[in-house]
Amino acid sequence: MKTTEIRQSFLDYFASKGHRPVASSPLVPGNDPSLLFTNAGMVQFKDVFLGREERDFKRAASSQRCVRAGGKHNDLDNVGYTARHHTFFEMLGNFSFGDYFKREAIEFAWELLTQRFGLPADRLWVTVFATDDEAAEIWLKHIGVDPARLTRCGEKDNFWMMGDTGPCGPCTEIFYDHGPHIPGGPPGTPGADGDRYIEIWNLVFMQFERDASGQQKRIPKPSVDTGMGLERVSAVLQGVHDNYDIDLFQNLINAVRAIAPRDNLEATSLRVISDHIRACAFLVMDGVIPSNEGRGYVLRRIMRRALRHGNKIGFIEPFFHRLVQPLAREMGSAVPELESRVPRIEQVLLQEEERFAETLDQGLKIFESAVATLSGKTIPGEVAFKLNDTFGFPVDLTADIARERGLEVDMVGFEAAMDAQRGRARAASQFANVDTAQAISGEDLARLGTRQRFTGYEQTVGSTSVSGLFRGGEPTDALNAGDAGVVVLAATPFYAESGGQVGDRGRLCSVDGVFEVVDTRKQGGLHLHFGTLKIGTLRRGGNVGAEIDNSRRLATRANHSATHLLHAALRQVLGIHVEQKGSLVDSERLRFDFAHTGPVTSDELQAIERLVNARIRLNEPVETELMPYQQALDRGAMALFGEKYSEEVRVLRMGEFSIELCGGTHASRTGDIGAFRILSESGIAAGVRRIEGVSSAAASELNLHNAETLRKIAALVKGAPDEALARITQLAERARGQEKEIQQLKAKLAGSSGRDLADAAVMLGDVKVLAEVLEGANAATLRETMDSLKDRLPRAVILLATIEDDRVRLVAGVSKALTKQVHAGDLVNFVALQVGGKGGGRPDLAQAGGTDTANLPTAVASVRGWVEQKLS
Numbered sequence: 017m018k019t020t021e022i023r024q025s026f027l028d029y030f031a032s033k034g035h036r037p038v039a040s041s042p043l044v045p046g047n048d049p050s051l052l053f054t055n056a057g058m059v060q061f062k063d064v065f066l067g068r069e070e071r072d073f074k075r076a077a078s079s080q081r082c083v084r085a086g087g088k089h090n091d092l093d094n095v096g097y098t099a100r101h102h103t104f105f106e107m108l109g110n111f112s113f114g115d116y117f118k119r120e121a122i123e124f125a126w127e128l129l130t131q132r133f134g135l136p137a138d139r140l141w142v143t144v145f146a147t148d149d150e151a152a153e154i155w156l157k158h159i160g161v162d163p164a165r166l167t168r169c170g171e172k173d174n175f176w177m178m179g180d181t182g183p184c185g186p187c188t189e190i191f192y193d194h195g196p197h198i199p200g201g202p203p204g205t206p207g208a209d210g211d212r213y214i215e216i217w218n219l220v221f222m223q224f225e226r227d228a229s230g231q232q233k234r235i236p237k238p239s240v241d242t243g244m245g246l247e248r249v250s251a252v253l254q255g256v257h258d259n260y261d262i263d264l265f266q267n268l269i270n271a272v273r274a275i276a277p278r279d280n281l282e283a284t285s286l287r288v289i290s291d292h293i294r295a296c297a298f299l300v301m302d303g304v305i306p307s308n309e310g311r312g313y314v315l316r317r318i319m320r321r322a323l324r325h326g327n328k329i330g331f332i333e334p335f336f337h338r339l340v341q342p343l344a345r346e347m348g349s350a351v352p353e354l355e356s357r358v359p360r361i362e363q364v365l366l367q368e369e370e371r372f373a374e375t376l377d378q379g380l381k382i383f384e385s386a387v388a389t390l391s392g393k394t395i396p397g398e399v400a401f402k403l404n405d406t407f408g409f410p411v412d413l414t415a416d417i418a419r420e421r422g423l424e425v426d427m428v429g430f431e432a433a434m435d436a437q438r439g440r441a442r443a444a445s446q447f448a449n450v451d452t453a454q455a456i457s458g459e460d461l462a463r464l465g466t467r468q469r470f471t472g473y474e475q476t477v478g479s480t481s482v483s484g485l486f487r488g489g490e491p492t493d494a495l496n497a498g499d500a501g502v503v504v505l506a507a508t509p510f511y512a513e514s515g516g517q518v519g520d521r522g523r524l525c526s527v528d529g530v531f532e533v534v535d536t537r538k539q540g541g542l543h544l545h546f547g548t549l550k551i552g553t554l555r556r557g558g559n560v561g562a563e564i565d566n567s568r569r570l571a572t573r574a575n576h577s578a579t580h581l582l583h584a585a586l587r588q589v590l591g592i593h594v595e596q597k598g599s600l601v602d603s604e605r606l607r608f609d610f611a612h613t614g615p616v617t618s619d620e621l622q623a624i625e626r627l628v629n630a631r632i633r634l635n636e637p638v639e640t641e642l643m644p645y646q647q648a649l650d651r652g653a654m655a656l657f658g659e660k661y662s663e664e665v666r667v668l669r670m671g672e673f674s675i676e677l678c679g680g681t682h683a684s685r686t687g688d689i690g691a692f693r694i695l696s697e698s699g700i701a702a703g704v705r706r707i708e709g710v711s712s713a714a715a716s717e718l719n720l721h722n723a724e725t726l727r728k729i730a731a732l733v734k735g736a737p738d739e740a741l742a743r744i745t746q747l748a749e750r751a752r753g754q755e756k757e758i759q760q761l762k763a764k765l766a767g768s769s770g771r772d773l774a775d776a777a778v779m780l781g782d783v784k785v786l787a788e789v790l791e792g793a794n795a796a797t798l799r800e801t802m803d804s805l806k807d808r809l810p811r812a813v814i815l816l817a818t819i820e821d822d823r824v825r826l827v828a829g830v831s832k833a834l835t836k837q838v839h840a841g842d843l844v845n846f847v848a849l850q851v852g853g854k855g856g857g858r859p860d861l862a863q864a865g866g867t868d869t870a871n872l873p874t875a876v877a878s879v880r881g882w883v884e885q886k887l888s
């Protein structure tokens with residue numbers, strides 16, 4: 017039975033038992049940003065198990081795509097070296113949501129395995145949780161399993177949890193006995209670590225939810241969650257002991273062999289590549305792209321491990337992306353969206369492959385150099401750090417290479433180097449935009465003993481009192497006129513810089529003084545008001561009126577709301593893989609960084625801009641609501657992976673178009689944004705793009721400015737505005753033709769100039785030396801003139817120079833008969849150093865540039881003496 021047939025047979029069987037076949041959820045969990053990847057079939061049903069969500073069915077079955085690499089569930093290091101470890105796998109599962117429980121779940125499993133799949137009952141072994149007498153009785157008395165083939169096991173083996181917290185319960189596992197010719201004892205015995213008995217199905221009886229303190233409480237309705245690895249059961253049904261010997265993997269391995277540059281390929285590398293293409297392709301399909309953080313970094317680690325194994329078996333040119341089509345042939349019938357997304361997946365994988373190719377060989381040389389000088393069996397942590405930091409080798413990739421040599425990596429040293437780097441980064445960034453003289457200790461803030469209330473969502477002015485004052489970073493009872501300091505208020509309408517939005521500015525006014533707030537930042541849970549006391553005195557405990565710069569706030573909140581619309585529009589136009597990587601919102605413009613593999617096209621930018629402006633014109637209300645974090649996720653709110661959220665979060669909704677978790681200030685309606693324009697789109701890092709834009713009055717001003725610019729351009733080309741582009745295109749084509757004619761004329765002049773210059777050469781013995789500045793020439797003319805001169809002067813040393821675009825251009829030429837005495841690269845570098853540049857090249861021809869145009873005549877005049885010294 018083929019793997020595709022086994023998958024379908026499983027789903028058909030449970031459909032006949034009243035189960036709803038449910039499609040696999042994406043590898044990126046939609047309801048749990050704390051979870052790196054979907055790693056089990058029950059992930060998409062987590063809220064159903066907890067009673068937070070209801071479905072219109074009580075029974076379900078699925079074949080869930082899963083990834084276990086990174087985080088708690090990480091199989092990456094073992095993949096390729098064992099028979100059953102994978103980064104990507106499919107989990108066949110049947111589920112009961114408060115419907116049937118232990119007896120029916122066990123009956124279904126036994127019937128499917130022994131009757132539909134035809135496995136002999138005497139080849140199956142069962143384990144139950146040590147105290148689960150109910151499950152044991154069902155197996156022994158109802159199913160009739162031989163007591164000799166049932167083992168009771170402890171919590172480590174037979175109590176299942178999705179994570180440190182969440183749904184959990186006792187489980188019963190079914191093992192397949194591959195026979196006495198394979199070493200290993202039954203599960204639950206001292207010899208259980210062997211490979212004879214292989215777990216194929218785990219039936220979890222969901223009865224509890226465990227909290228962070230380790231306490232368990234019963235969930236509303238006991239439920240069933242089962243999981244059977246498709247690859248494992250396929251190996252059993254196809255009569256092989258190794259998962260990589262099943263039809264699916266063999267076809268992928270053969271696809272690697274078909275494009276490999278040589279025969280006799282190492283089995284481990286073939287297994288690694290065939291496994292990793294599945295993980296990488298499906299991760300990209302589900303919106304993950306390679307990056308240096310979060311899910312993107314796990315994808316990068318998996319892919320670079322595969323690429324290193326490709327290099328090991330002889331691949332020089334990019335190959336990994338060529339395996340997407342064979343994968344689609346194997347799995348496209350079960351996952352139709354894979355076939356439709358092949359071109360994009362290939363593009364993403366190829367870009368990452370080309371990027372890593374630039375440093376792979378260099379990194380391997382560094383590794384080999386380190387191995388050559390080793391006195392023991394451990395690669396120093398500093399070497400692993402350098403490979404990671406400079407050459408893009410994830411540490412597990414270095415460990416993988418070391419493992420093949422019987423070596424290990426000093427992980428303690430590596431982590432120490434990483435910690436040192438993180439410390440340097442923190443030190444560099446912590447007060448990058450802060451007057452360090454105003455840095456305040458957390459201990460001093462804690463002594464204030466105040467709980468500050470933020471009123472800025474509802475008001476822009478308010479009466480409050482001064483809780484604390486700081487001057488030069490130290491507590492003080494008063495600030496006097498001219499003092500720079502920090503003010504802490506009991507309540508404040510000033511928004512503190514957070515979530516990409518800049519802090520508010522404004523004034524604090526008391527009967528005795530006026531404090532100008534130039535920035536508001538958050539530290540220790542308090543909003544700190546940075547600024548200068550303009551007049552009078554400000555005292556701790558005194559009352560003040562707080563007033564923000566409202567025009568600046570209005571412009572900032574319009575840009576912030578526009579950023580949310582932009583995020584939603586990007587996901588709609590470019591795809592769900594778009595994920596926020598950073599943002600900056602102030603009163604003048606907005607900046608949004610996001611995950612995407614390549615430049616956004618002009619057509620895409622126009623579509624994004626139109627979509628945002630369409631939502632602005634709808635003038636929908638911008639609504640905010642406080643709710644529990646999980647409830648917000650259930651409603652579809654987007655949360656940033658890796659971000660820490662409190663139990664209660666603020667949800668911002670703009671119609672049905674955008675819903676995100678956000679603590680910033682926003683427009684009341686989308687129409688208040690006015691308009692939106694994109695200023696620029698650029699790449700800022702591998703796989704990360706940046707869009708800058710403006711909204712409100714700034715967008716209107718930009719429209720007016722562009723219209724006026726177009727009017728002036730149209731007047732210059734003597735046409736109407738709608739004719740300007742065609743007129744400019746004609747002029748550009750004419751200019752290109754004229755430039756071509758100019759270059760042809762310059763080439764002719766270079767020939768005649770070469771003849772004239774040849775007469776200016778001076779003799780040093782039997783060698784002619786020529787050093788000249790050619791006025792009005794360009795780099796191309798210099799080279800053409802050099803060719804002409806070398807033809808006319810058989811034994812010569814020549815240096816030609818010109819000034820082009822305020823830069824010095826140099827070309828040196830030496831007759832081949834003289835290159836042992838005079839090297840053109842040395843000559844051009846000698847002159848370049850005198851004009852603020854450098855260069856080099858072949859012994860007979862070299863080029864250079866420089867910036868010091870004033871010193872060019874002196875530098876050229878020095879050539880004769882330098883050549884004379886070389887010839888003597």
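The opening residue of the sequence shown carries number 17 in the numbering used here; numbering runs sequentially from there. Think of the CB as a built atom: it goes at the ideal place given N, C-alpha and C, for glycine as much as any other residue.
{"Asked": "Is it a yes or a no for the segment 174-194 touching the segment 220-234, going by three-plus beta-carbon pairs under 8 Å?", "Found": "yes"}
{"Asked": "Determine the direct distance from the alpha carbon of histidine 102 to that of glycine 204, and round the result to whole angstroms.", "Found": "24 Å"}
{"Asked": "Using a Cβ distance threshold of 8 Å, determine whether the segment 508-519 contacts the segment 675-683, with at least three qualifying pairs required.", "Found": "yes"}
{"Asked": "Helix, strand or coil: which one does DSSP assign to alanine 611?", "Found": "strand"}
{"Asked": "Output the distance between the C-alpha atoms of threonine 242 and methionine 654, rounded to the nearest integer angstrom.", "Found": "29 Å"}
{"Asked": "For a test of the three-state rule: what should DSSP assign to alanine 875, helix, strand or coil?", "Found": "helix"}
{"Asked": "Which of the three DSSP states, helix, strand or coil, is assigned to serine 712?", "Found": "helix"}
{"Asked": "Given a cut-off of 8 Å, decide if alanine 585 and leucine 554 are closer than it, judged by their beta-carbon atoms.", "Found": "no"}
{"Asked": "Taking buried to mean at least 16 other C-beta atoms within 10 Å of its own C-beta, is proline 42 buried or exposed?", "Found": "buried"}
{"Asked": "Only counting the same chain, and skipping five residues up and downstream in sequence, which positions put a Cβ closer than 7 Å to that of alanine 742?", "Found": "none"}
{"Asked": "The alpha helix (DSSP H) with glycine 263 in it runs from where to where?", "Found": "It is worth fixing the name first, because residue 263 is aspartate in this sequence and not glycine. Element bounds for aspartate 263: 263-275."}
{"Asked": "Considering only residues of the same chain and omitting the five flanking positions on each side of glycine 34, which have a CB-CB separation below 7 Å?", "Found": "Arg75"}
{"Asked": "Which residue or residues does DSSP assign as beta-bridge partners of lysine 538?", "Found": "His543"}
{"Asked": "In whole angstroms, what is the alpha-carbon distance linking glutamine 517 and proline 396?", "Found": "43 Å"}
{"Asked": "Which residue spans inside the segment 311-350 form an unbroken alpha helix (DSSP H) run of at least 4?", "Found": "340-347"}
{"Asked": "Round the Cβ separation of phenylalanine 531 and arginine 523 to the nearest angstrom and send it over; I've been treating them as touching at under 8 Å.", "Found": "7 Å"}
{"Asked": "What is the rounded straight-line gap between the Cα of alanine 350 and the Cα of isoleucine 318?", "Found": "24 Å"}
{"Asked": "Mind listing, in chain order, the continuous beta strand (DSSP E) runs of no fewer than 3 residues lying wholly within the segment 664-690?", "Found": "664-670, 674-677"}
{"Asked": "Go ahead and pull the three-state DSSP assignment for alanine 444.", "Found": "The predicted model places alanine 444 with a pLDDT of 48, which falls under 50 and marks its position as unreliable; any figure quoted below should be read in that light. Helix at alanine 444."}
{"Asked": "Give me, in chain order, the residues of the same chain whose beta-carbon lies closer than 7 Å to that of isoleucine 22; leave out the 5 immediate sequence neighbours on both sides.", "Found": "Leu246, Val249, Ser250, Leu253"}
{"Asked": "Please report how far the alpha carbon of arginine 165 lies from the alpha carbon of methionine 177, in whole angstroms.", "Found": "25 Å"}
{"Asked": "How many angstroms separate the CA atom of valine 883 from the CA atom of valine 827?", "Found": "15 Å"}
{"Asked": "Looking only at its own chain, which residues have a Cβ that is under 6 Å from the Cβ of aspartate 211, when we skip the five neighbours before and after it?", "Found": "Ile198, Gly200"}
{"Asked": "Would you call glutamate 106 buried or exposed, if buried means 16 or more other Cβ atoms sit within 10 Å of its Cβ?", "Found": "buried"}
{"Asked": "Between lysine 402 and the rest of its own chain, which residues show a CB-CB distance below 8 Å, the 5 nearest in sequence each way excluded?", "Found": "Ile382"}
{"Asked": "Whose CA, out of Glu333, Asp602, Leu582, lies closest to the CA of glutamine 596?", "Found": "Leu582"}
{"Asked": "Under 8 Å, do leucine 887 and leucine 761 count as touching if we go by C-beta distance?", "Found": "no"}
{"Asked": "Considering only the alpha carbon of each residue, which of Ile689, Gly498, Leu606, Val844 lies closest to arginine 633?", "Found": "Ile689"}
{"Asked": "Taking buried to mean at least 16 other C-beta atoms within 10 Å of its own C-beta, is glutamine 468 buried or exposed?", "Found": "buried"}
{"Asked": "Name the residue from Asp302, Phe335, Gln231, Arg568 whose alpha carbon lies nearest to the alpha carbon of arginine 273.", "Found": "Phe335"}
{"Asked": "Give me, in chain order, the residues of the same chain whose beta-carbon lies closer than 8 Å to that of leucine 365; leave out the 5 immediate sequence neighbours on both sides.", "Found": "Cys296, Ala297, Val300, Met319, Phe336, His337, Val340"}
{"Asked": "Compare the beta carbon distance of valine 59 and proline 45 with 8 Å and say whether it is the shorter of the two.", "Found": "yes"}
{"Asked": "Grab me the residues of glutamate 369's own chain with a C-beta within less than 7 Å of its C-beta, minus the 5 sequence neighbours each way, in chain order.", "Found": "Leu323, Pro334, Phe336, His337"}
{"Asked": "Give the DSSP-derived three-state secondary structure of isoleucine 235 in the structure shown.", "Found": "strand"}
{"Asked": "Between the alpha carbons of glycine 715 and asparagine 575, how many angstroms are there, rounded?", "Found": "The sequence given here has alanine at residue 715, not glycine. So the alpha carbons of these two residues sit roughly 10 Å apart."}
{"Asked": "So what's lysine 734 in DSSP terms, helix, strand or just coil?", "Found": "coil"}
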